[in-house]
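Data first, discussion second: the structure below is written as structure tokens.
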Amino acid sequence: MSRIALPAIIVALIVLAALILPALLPWSHDAIDWDHVRAPAGSPGHLLGTDELGRDRLARLAVASRITLLVALAAALVSMVVGIAWGMIAGWAGGRVDEAMMRIVDALYALPFMFIVIVLMVVFGRSILLVFVGIGLVEWLTMARIVRGQVMTLRQRPFVLAATASGAPVRVILLRHILPNIAGVALAYLTLTLPGIIMIESFLSFLGLGVQEPLTSLGILVKEGADDMDVAPMGLLVPGGVMVTLLVCLTLIGERLRDRFA
Amino acid sequence: MRALILRRLLTAIPTLLLVLIASFALMRFAPGGPFDGERPLAPETRAALEAAYGLNLPMGEQFALYLKRTLTGDFGPSLVYRDFTVTQLIADSLPVSLTLGGLAIILALALGLAAGTVAALRPGGWADEALMLLATIVTALPSFVTGPLLALIFGLWLGWLPVGGLGDSLLTAPQFWVMPVIALALPVAGAIAKLARAGLAAALAQEHIRTARARGLSTGAIIVRHALRPALVPVVSYLGPAAAGLLTGAVIIETVFALPGLGRYFVQGALNRDYPLIMAVILLYAALLIAFNLIADLLYGWLDPRSRT
């Protein structure tokens, strides 16, 4: 457990800060302090200073983390539901249905997805809802493959055969007997999906296609920081550091959970 | 082997057609067009422009026309870069992207295989633990953080390398390529290191390796002659996804380091609704991915005779 504990505590701290800080700080993330534009870090009232428009960096960082985490969680849940449903049906049905469903997954894997998501963003406007629905629909493929494999081995197990023999309906077998047994693996892959989604969201925001102002996300902060790094390197280093910490910790948790369950 | 290539090429055609239809439909039914500027155009001007680019024809006819042109390698004029055809733009930018991606994958393979081999020699040792933690961290680093970070440290603070742009060529001005290639290669190198370590550790635990050791072969000879080939199988099957990762990474890297590659044209084209440019780039990306997956499959068959059926 200890190998999971440290990264989990760090993630919990970031989540906690993202939830609580905006309520504690006197500045909102888009309020402009006209008297202190480009204040350096550590100046009174602005712990991390202000950006080139005079907005409090700490408040922006907290709100950005909140949005990034929210998008990641929502998209991960979408991908989990779609992936588990698809994988369970394919794995249980087997035969031609399975063949056809997994061919579709293979075909989708081969598509240049990032680019299709970009086109979707351009076509249907840049709403935050679409960002995570779009990402969630891309990220379910791996989950579907994993779940299908699990279901195919589980359906040969005695307790499932017994349930089938005693006449339990398919719905009950899938939900009561199969689902609890794939929950651990699904949780591990859900954790591994989160960093992937955070990267996609930040990628889109970096290109100006993701979350839109006045809302902000870690990707937007990194982009702003990169544009302004010759004057204010902290603007890149701090949000970049938070994002990297989050990504590394989530990846470590996910990998270690996976090693445990799989 | 020949049958595999043929079958793959035959399935590639419907896939590419599907990509083409999907992107055509998306772009054409999208709200907003390429001639929507700050100032509305006079109706006559707009009608003349749309007629010139064939945008006033029925959708079916537009698609048929597009398909016919595409098959002859003519992607039409760019709607935004008015003086260039899409084919010209791609011919100019593709070499940059291919060089970037090619160098990155070579670097990633070199770093990843080296780290994976060192880690696999003593599974559970300190080098294994440290290298695998490093690999996880590097894999989790997004290129839009590492790119600007490298530029900040080595470009602005230390002044060792140029922050962006391109010299005359790779050979006369290699310093322009150092940071973009490293930033693009790192996540792929991390993933390859993990796969190589897992594959090599499994291969080294097998009986024929123990026999080779018992007969007094050196560790280096054992790895090169007996263990590396089966250990490369998972690495090779990762090449397809790696290519996809490199393509998306290149979009960011080219933007960050101001390289005139395909990725930058794609982003600009998407933002400006430059339909012909976008469709050509997506089609090209899809073709590249299919080609990469085919190469991976062929290598796979060569490395693992069991998969040749």
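Taken in sequence, the protein lines are chains L and S. Positions 1 to 262 (this note's numbering) are the ones given, in order, by the first sequence. Positions 1001 to 1309 (this note's numbering) are the ones given, in order, by the second sequence. Just so it is clear, CB atoms sit at the ideal spot from N, CA and C, and this is done for glycine as well.
- For isoleucine 1278 of chain S, the nearest beta carbon of chain L is closer than 9 Å to its own beta carbon.
- When DSSP states are grouped into helix, strand and coil, aspartate 56 of chain L belongs to the strand group.
- Distance between isoleucine 198 of chain L and arginine 60 of chain L, taken at the CA atoms: about 17 Å.
- Residue environment analysis places aspartate 56 of chain L among the buried positions, since at least 16 neighbouring C-beta atoms fall within 10 angstroms of its C-beta.
- Taking a 10 Å sphere around the C-beta of serine 1143 of chain S, we find 16 or more other C-beta atoms and assign the residue as buried.
- Collapsing the DSSP output to three states places threonine 1085 of chain S in a strand.
- For the 9 Å CB-CB criterion, leucine 179 of chain L and tryptophan 92 of chain L do not form a contact.
- At a cut-off of 9 Å between beta carbons, tyrosine 109 of chain L contacts chain S.
- With fewer than 16 other Cβ atoms inside 10 Å of its own Cβ, serine 166 of chain L counts as exposed.
- For a Cβ distance threshold of 9 Å, nothing in chain L lies close to alanine 1104 of chain S: the least Cβ distance comes to about 16 Å.
- Interface criterion not met: the Cβ of aspartate 51 of chain L is under 9 Å from no Cβ in chain S.
- Beyond the five residues adjoining it in sequence on each side, alanine 1193 of chain S comes within less than 6 Å, by CB distance, of Gly1112, Ala1115, Gly1116, Ala1135 in the same chain, given in chain order.
- At the C-beta level, alanine 1244 of chain S and leucine 1195 of chain S stay beyond 9 Å of one another.
- Nearest C-alpha to glutamate 224 of chain L among S/Gly1073, S/Pro1148, S/Ala1042: S/Pro1148.
- Per DSSP, reduced to three states, the secondary structure at serine 43 of chain L is strand.
- DSSP, reduced to helix, strand and coil, places threonine 1146 of chain S within a helical segment of the structure shown.
- In the same chain as leucine 1089 of chain S, and ignoring 5 residues on each side of it, the C-beta atoms closer than 8 Å to its own belong to Ser1078, Tyr1081, Tyr1265, Leu1277, in chain order.
- Nearest to serine 1023 of chain S by C-alpha distance, out of L/Val138, L/Phe203, L/Thr216, L/Val123, is L/Val123.
- Neighbours of proline 233 of chain L across chain S, judged by C-beta separation under 7 Å: Leu1152.
- Glutamate 52 of chain L and proline 26 of chain L have their C-alpha atoms some 19 Å from each other.
- For the C-beta of serine 1023 of chain S, the chain L residues within less than 9 Å are, from N- to C-terminus, Phe115, Ile116, Val119.
- By the C-beta criterion, the region 81 to 95 of chain L is judged to be in contact with the region 139 to 156 of chain L, since at least 3 inter-stretch pairs fall below 8 Å.
- For tyrosine 1275 of chain S, the enclosing alpha helix (DSSP H) starts and ends at 1275 to 1303.
- In summary, aspartate 1083 of chain S is exposed, with fewer than 16 beta-carbon neighbours lying within 10 Å of its beta-carbon over all protein chains present.
- Phenylalanine 1144 of chain S has a beta carbon lying within less than 9 Å of a beta carbon in chain L.
- Chain-order list of chain S residues neighbouring phenylalanine 206 of chain L: Phe1144, Ile1252, by C-beta distance under 7 Å.
- Among the residues of the region 1238 to 1252 of chain S, those with a Cβ less than 7 Å away from any Cβ of chain L are Ala1244, Leu1247, Thr1248, Ile1252, in the order of the chain.
- Membership of histidine 1208 of chain S in the alpha helix (DSSP H) is indicated by the continuous run 1207 to 1214.
- About 27 Å separates the beta carbons of alanine 1250 of chain S and glycine 1199 of chain S, which is beyond the 8 Å limit, so they are not a contact pair.
- Put simply, of L/Gly87, L/Pro158, L/Trp86, L/Leu19 the residue whose alpha carbon is nearest the alpha carbon of isoleucine 67 of chain L is L/Leu19.
- With contacts defined by Cβ atoms closer than 9 Å, glutamine 150 of chain L and glycine 87 of chain L form a contacting pair.
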